[in-house]
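Residue numbers (UniProt numbering): 1 to 192. Cβ coordinates follow ideal geometry from the N, Cα and C atoms, glycine included. The next block holds one structure in the form of structure tokens; read it before the comments.
Right, dumping it as structure tokens:
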């Protein structure tokens, strides 16, 4: 691992209720599963790749990905972040939801430039704040997670407010997400 190294944490533990329970991580576009596409896209900038997942863990392992289940069930993305932070061995954790349509080339550099002197940064695209597209200083994150979990506030924005994080605008960019069948079709995925 490099000094100031970064772990990519793909958040893939959701239930995808609007997609009839389809596992978003394994949705395929162009013959490649979403989780593998994102991992490959950023692997060159990362020291480690982890996936927050709560089902079919052996499938991740078969593809060389370490899957980390939630330590506390039913907390949504906060539960995935908690699980990733607990096992992260680098100073920084970049989280991305597995249902992102695209990621730009300067994402990590831009977040690190803006949040490297604090506790990290989150992205803001043309759709607004994207609290799950974020770079977290792991020691600071671990310090505030217990109070955040105990408070019952499951929002990422609430957690980020407890930290010295900043927003980074990415004008002209839309990360997009795959929440509905219409989102899948618009992004070039076959419907589930």
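For the UniProt domain "MobA-like NTP transferase" (10-161), which segments carrying the alpha helix (DSSP H) assignment without a break, of at least 4 residues, lie completely within its bounds, in sequence order? Restricting attention to alpha helix (DSSP H) runs no shorter than 4 residues, the UniProt domain "MobA-like NTP transferase" (10-161) encloses them at 34-42, 57-62, 77-87, 107-115, 138-151, 156-161, ordered along the chain.
Identify whether residue 169 lies in helix, strand or coil by the three-state DSSP scheme. Here residue 169 carries a strand assignment [DSSP, helix/strand/coil].
Contact set for residue 80: own chain, Cβ-Cβ below 7 Å, skip 5 residues either direction: Cβ neighbours of residue 80 beyond the five flanking positions: 11, 13, 52, 70.
Evaluate contact between the stretch 55-73 and the stretch 93-102, counting only Cβ atoms and requiring at least three cross-stretch pairs below 8 Å. The stretch 55-73 is not in contact with the stretch 93-102.
So what does DSSP say about residue 163, is it helix, strand or coil? Of the three classes helix, strand and coil, the one that applies to residue 163 here is coil, per DSSP.
Give the single residue among 164, 93, 173 whose Cα lies nearest to the Cα of residue 127. Nearest C-alpha to residue 127: 173.
Drop a sphere of 10 angstroms on the beta-carbon of residue 109, count the other beta-carbons inside from all chains shown, and report buried for 16 or more, exposed for fewer. So residue 109 ends up on the exposed side.
Please state if the CB of residue 165 and the CB of residue 116 are separated by a distance shorter than 8 Å. In this structure, residue 165 does not lie closer than 8 Å to residue 116 by Cβ.
Compute the distance between the beta-carbons of residue 43 and residue 49, then report whether it is under 8 Å. Remark: C-beta atoms of residue 43 and residue 49 approach each other more closely than 8 Å.
Under 8 Å between C-beta atoms of residue 158 and residue 150: Not a contact, by the Cβ cut-off of 8 Å.
Using DSSP with H/G/I as helix, E/B as strand and the rest coil, what is residue 1? Because residue 1 sits at a pLDDT of 46, beneath the cut-off of 50, its placement in the model cannot be relied upon, and the point is left open.
Where residue 168 and residue 153 are concerned, what is the direct C-alpha to C-alpha distance, given to the nearest angstrom? Distance from the CA of residue 168 to the CA of residue 153, rounded to the nearest whole angstrom, comes to 24 Å.
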